[in-house]
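4 protein chains.
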Amino acid sequence: MNERSFIFDLIMHNKYNLILRAAEKIISTSGIQGLSMQQVASEAGVAAGTIYRYFKDKDELILELRKDVLSQVAAAILQDHHLGTLEERFKRIWMKMHNYGKQPSPTNLSYEQYANLPGTHTDEIRALEMKLFEPLHSLFEEGLAQGIIQPLHPRALYAIAMEPSMAMARAMRRGLIEYDEKDITLACDLCWRAIVIPTTPTN
Amino acid sequence: MNERSFIFDLIMHNKYNLILRAAEKIISTSGIQGLSMQQVASEAGVAAGTIYRYFKDKDELILELRKDVLSQVAAAILQDHHLGTLEERFKRIWMKMHNYGKQPSPTNLSYEQYANLPGTHTDEIRALEMKLFEPLHSLFEEGLAQGIIQPLHPRALYAIAMEPSMAMARAMRRGLIEYDEKDITLACDLCWRAIVIPTTPTN
Amino acid sequence: MNERSFIFDLIMHNKYNLILRAAEKIISTSGIQGLSMQQVASEAGVAAGTIYRYFKDKDELILELRKDVLSQVAAAILQDHHLGTLEERFKRIWMKMHNYGKQPSPTNLSYEQYANLPGTHTDEIRALEMKLFEPLHSLFEEGLAQGIIQPLHPRALYAIAMEPSMAMARAMRRGLIEYDEKDITLACDLCWRAIVIPTTPTN
Amino acid sequence: MNERSFIFDLIMHNKYNLILRAAEKIISTSGIQGLSMQQVASEAGVAAGTIYRYFKDKDELILELRKDVLSQVAAAILQDHHLGTLEERFKRIWMKMHNYGKQPSPTNLSYEQYANLPGTHTDEIRALEMKLFEPLHSLFEEGLAQGIIQPLHPRALYAIAMEPSMAMARAMRRGLIEYDEKDITLACDLCWRAIVIPTTPTN
DNA sequence: GATGAATGAGACTTCATTCAT
DNA sequence: GATGAATGAAGTCTCATTCAT
Numbered sequence: 182m183n184e185r186s187f188i189f190d191l192i193m194h195n196k197y198n199l200i201l202r203a204a205e206k207i208i209s210t211s212g213i214q215g216l217s218m219q220q221v222a223s224e225a226g227v228a229a230g231t232i233y234r235y236f237k238d239k240d241e242l243i244l245e246l247r248k249d250v251l252s253q254v255a256a257a258i259l260q261d262h263h264l265g266t267l268e269e270r271f272k273r274i275w276m277k278m279h280n281y282g283k284q285p286s287p288t289n290l291s292y293e294q295y296a297n298l299p300g301t302h303t304d305e306i307r308a309l310e311m312k313l314f315e316p317l318h319s320l321f322e323e324g325l326a327q328g329i330i331q332p333l334h335p336r337a338l339y340a341i342a343m344e345p346s347m348a349m350a351r352a353m354r355r356g357l358i359e360y361d362e363k364d365i366t367l368a369c370d371l372c373w374r375a376i377v378i379p380t381t382p383t384n
Numbered sequence: 182m183n184e185r186s187f188i189f190d191l192i193m194h195n196k197y198n199l200i201l202r203a204a205e206k207i208i209s210t211s212g213i214q215g216l217s218m219q220q221v222a223s224e225a226g227v228a229a230g231t232i233y234r235y236f237k238d239k240d241e242l243i244l245e246l247r248k249d250v251l252s253q254v255a256a257a258i259l260q261d262h263h264l265g266t267l268e269e270r271f272k273r274i275w276m277k278m279h280n281y282g283k284q285p286s287p288t289n290l291s292y293e294q295y296a297n298l299p300g301t302h303t304d305e306i307r308a309l310e311m312k313l314f315e316p317l318h319s320l321f322e323e324g325l326a327q328g329i330i331q332p333l334h335p336r337a338l339y340a341i342a343m344e345p346s347m348a349m350a351r352a353m354r355r356g357l358i359e360y361d362e363k364d365i366t367l368a369c370d371l372c373w374r375a376i377v378i379p380t381t382p383t384n
Numbered sequence: 182m183n184e185r186s187f188i189f190d191l192i193m194h195n196k197y198n199l200i201l202r203a204a205e206k207i208i209s210t211s212g213i214q215g216l217s218m219q220q221v222a223s224e225a226g227v228a229a230g231t232i233y234r235y236f237k238d239k240d241e242l243i244l245e246l247r248k249d250v251l252s253q254v255a256a257a258i259l260q261d262h263h264l265g266t267l268e269e270r271f272k273r274i275w276m277k278m279h280n281y282g283k284q285p286s287p288t289n290l291s292y293e294q295y296a297n298l299p300g301t302h303t304d305e306i307r308a309l310e311m312k313l314f315e316p317l318h319s320l321f322e323e324g325l326a327q328g329i330i331q332p333l334h335p336r337a338l339y340a341i342a343m344e345p346s347m348a349m350a351r352a353m354r355r356g357l358i359e360y361d362e363k364d365i366t367l368a369c370d371l372c373w374r375a376i377v378i379p380t381t382p383t384n
Numbered sequence: 182m183n184e185r186s187f188i189f190d191l192i193m194h195n196k197y198n199l200i201l202r203a204a205e206k207i208i209s210t211s212g213i214q215g216l217s218m219q220q221v222a223s224e225a226g227v228a229a230g231t232i233y234r235y236f237k238d239k240d241e242l243i244l245e246l247r248k249d250v251l252s253q254v255a256a257a258i259l260q261d262h263h264l265g266t267l268e269e270r271f272k273r274i275w276m277k278m279h280n281y282g283k284q285p286s287p288t289n290l291s292y293e294q295y296a297n298l299p300g301t302h303t304d305e306i307r308a309l310e311m312k313l314f315e316p317l318h319s320l321f322e323e324g325l326a327q328g329i330i331q332p333l334h335p336r337a338l339y340a341i342a343m344e345p346s347m348a349m350a351r352a353m354r355r356g357l358i359e360y361d362e363k364d365i366t367l368a369c370d371l372c373w374r375a376i377v378i379p380t381t382p383t384n
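Chains as they are written, first to last, in the numbering used here: chain A, 182 to 384; chain B, 182 to 384; chain C, 182 to 384; chain D, 182 to 384.
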């Protein structure tokens, strides 16, 4: 943190982030369709032309926001991901993902906008996703190596054990249902048990 | 009702459907943002003004398409939903959902566009969803009544046991992964066991 | 009135008039800008295409309506115009014009729409106006011939003595003011005296 | 405030006015129905989108133009309205109104378009009208207070004594008639005498 | 004659982007 | 670097008119 990077941060990066946060807020409110550059400008408190100093065009702004949001989500979910046993690590991530997904924060709301947009699953995004969620991937790999996890590709394991966390969070956020603490704990546990190879003979 | 009026009827009804199918195709290709009325018109082979004979405005077109697509998906997934034991019924739906979700058909691709759009979860859509997927709801309710399913709200059971089916299908469709028959069967079985109360005491 | 003209009237002319009355009503409500052919059709209870059997195009419909309305207004105002002395005749027309102009009837309201439209003061309209309001013209001519009316062109006399009648009616209709019987009578009398040459020497 | 910023200001303000003048010109030529935003833009020498920087939409443009035109007309008519006796003041206004109304200027021609449009007599316009033409109102009020004007509401006095001025101007402008100086002077005098209470007993 | 579905030109308006200041 | 006025292409929607039935 020398003086140059401090000023750089303050002046240059500040404006860059101001714009990103403004875009995020608008997307979370009006959806990606409702994002206009003038709106972003006024929300960010800069002139419309200024945006083009930091982003080539609207597509780039959206792409950069997407990467930014992805990083935030990953950081929030994977915080302390390495502490404890495999089960503890899994459940911590599951719960953090759930708690994060419940919030109607701009970041979270804008995150979901990208999910099913066509033509947005570029290699760049995929590579970033891969990198950011590597700890989750490792978690499954470790379990597989230890022979305690069902023999499936990590992506399948993710689908089976993690998607429910987000799906339930979404339903709560949208007011479709109210879960209490106990329900969530049970759901989390069921998800874990779903991918774990039973130690005692069952069925 | 002579044959002529029958054909007329078909053509008539076709125009409404022609427009719906054209919109569906465009959405599946360029996304909802990329949907312009001119495009729909030319894809459907009608004049722009003609669309407005069948739909009040763009919003109504999208709403009607959404309802139409939802109905198609429900019909495809819930076909023969009532045959067999609870487990057979569950697994049939799971597999149909998976197989449907894998296809890059316009209907399926446009279906996913709606999921996370803000301001589109109207009461009307929710009511229709409720009605269309009632068999799935019943399935869980029956299981709960028989005491063989984990004591959770059907929506949570859906999240835990069904969302993985779609998530895996999505990943395959997007070329992120290739599952073989065996993987899918295992995943399906794990999902079923995840929500079933084990009969013999385990861990 | 033979049977042919009766049927002709009933079938052919009825539809013609139906359309005219529908257009009149719409114009009186939404103004000339708000007149669409589909609206006229549905108000008249005929198909859009039918209008084109009776009128070449929209312009002709408006022109014919204008002529029709002009005739109605003239007929209403000039009823019994020939009875009584010059003063009685003048005052009767003045009062009828005033009373007619006060009404918010479709005919009256649509009449006023035409007044200041550019490009609508064609020779045809002028000739019709001339013909319809000829009795009013004659009234002034007679007065001039008798030497009891100020030596001005009838059109000037009309402007001075008759326009106030319409202007006051308009103001009442628009709710700008409420006149009582006495005010109107006085105004009518002042208008008459304005164009009459005083018999006794005044200032 | 150097000269440069002064010129800038002029140009700036000019753009708003440029658009207003362009709209005025088109309305005077093709009528309010013939007013398209594209036309206004090209007449004003700006891009279509530019209009929307100055006016929210077409309605606002028309409303602002209307207010602008009303102000111009009032200013032209009421210039020096306070000089001289009551009669001189009245006759000056009458003549100015007449002379103004005769001109086929864009302002004057567009002014008349508004008169009988439905739904355009909003409170805002009425209040402005009231304010702008207050001197005329005062003129009548003074006459009434002095007991030399017929006991009628100022609006009625306006209708009787002023409308003829405009009506005659309109007829001249439209080429319906040619008045000479003498006719106009007589008409003006007759209008004045029409609302004045005769000092010597007549008929 | 009558219908009304279909057409497509053209209206209004938005908005990504540029550029002179 | 920053501004924001200006641009103009492109979008949504209306409506006069036609024509097969």
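Glycine is no exception: its CB is placed at the ideal position from the N, C-alpha and C atoms.
Let me confirm a value: residue i is counted as buried when at least 16 other C-beta atoms fall within 10 Å, else exposed. Which label applies?
| i | result |
| --- | --- |
| residue 363(C) | exposed |
| residue 266(C) | exposed |
| residue 260(B) | exposed |
| residue 331(C) | buried |
| residue 203(B) | buried |
| residue 274(C) | buried |
| residue 289(D) | buried |
| residue 252(C) | exposed |
| residue 212(D) | buried |
| residue 378(A) | exposed |
| residue 350(B) | buried |
| residue 182(D) | Note that residue 182(D) has pLDDT 35, beneath the 50 cutoff, so the model's placement of it is unreliable and the number below is only indicative. Residue 182(D) should be labelled exposed. |
In chain D, what lies closer than 9 Å to residue i by C-beta?
| i | result |
| --- | --- |
| residue 294(C) | 297, 298 and 299 |
For the candidate residues the options, whose alpha-carbon lies nearest to that of residue i?
| i | options | result |
| --- | --- | --- |
| residue 323(B) | 292(B), 230(B) and 268(B) | 268(B) |
| residue 312(C) | 240(C), 255(C) and 379(C) | 255(C) |
| residue 249(C) | 353(C), 355(C), 306(C) and 315(C) | 306(C) |
| residue 199(C) | 213(C), 212(C), 220(C) and 214(C) | 220(C) |
| residue 352(A) | 365(B), 336(B), 356(B) and 355(B) | 336(B) |
| residue 359(B) | 228(A), 365(A), 380(A) and 334(A) | 334(A) |
| residue 214(B) | 223(B), 228(B), 235(B) and 239(B) | 239(B) |
| residue 244(D) | 326(D), 355(D) and 291(D) | 291(D) |
| residue 242(C) | 217(C), 223(C) and 365(C) | 217(C) |
Along chain C, which residues have their Cβ under 7 Å away from the Cβ of residue i?
| i | result |
| --- | --- |
| residue 336(D) | 352, 357 and 358 |
What in chain D is Cβ-close to residue i, meaning under 7 Å?
| i | result |
| --- | --- |
| residue 341(C) | 345, 368, 371 and 372 |
| residue 348(C) | 340 and 344 |
By the criterion of Cβ-Cβ separation under 8 Å, what are the contact partners of residue i in chain C?
| i | result |
| --- | --- |
| residue 279(D) | Simply none; closest approach about 10 Å. |
Near-chain A residues of the region 350-377 of chain B (beta-carbon distance less than 8 Å), N- to C-terminal order
Listed by position along the chain: 352, 355, 357, 358, 360, 364, 367, 368, 371, 372, 374, 375 and 376.
What residues in the region 202-221 of chain C have a beta carbon less than 9 Å from any beta carbon of chain D?
Within the region 202-221 of chain C, contact with chain D at the beta-carbon level (separation under 9 Å) is assigned to 208, 209, 210, 211, 212, 213, 214 and 215.
On the three-pair Cβ rule with 8 Å, is the region 274-290 of chain A touching the region 356-370 of chain A?
Yes, they touch.
For the region 284-298 of chain A and the region 286-301 of chain B, state whether three or more C-beta atom pairs, one from each stretch, are separated by less than 8 Å.
Contact between the region 284-298 of chain A and the region 286-301 of chain B is present, because at least three Cβ pairs lie under 8 Å.
Can you give me, in chain order, the residues of the region 320-332 of chain B that have a beta carbon less than 9 Å from any beta carbon in chain A?
Those residues of the region 320-332 of chain B that come within reach of chain A (Cβ to Cβ, closer than 9 Å) are 331 and 332.
Given 8 Å as the limit, is there contact between the region 336-356 of chain A and the region 340-350 of chain B, that is, 3 or more CB pairs closer than that?
Contact between the region 336-356 of chain A and the region 340-350 of chain B is present, because at least three Cβ pairs lie under 8 Å.
Assess, as a yes-or-no matter, whether the region 195-211 of chain B is touched by the region 207-219 of chain C under the definition of 3 or more beta carbon pairs within less than 8 Å.
At 8 Å Cβ cutoff, the stretches do not touch.
Mind listing which residues of the region 302-318 of chain B have their C-beta closer than 9 Å to chain A's C-betas, in chain order?
Per Cβ criterion, the list reads 302 and 307.
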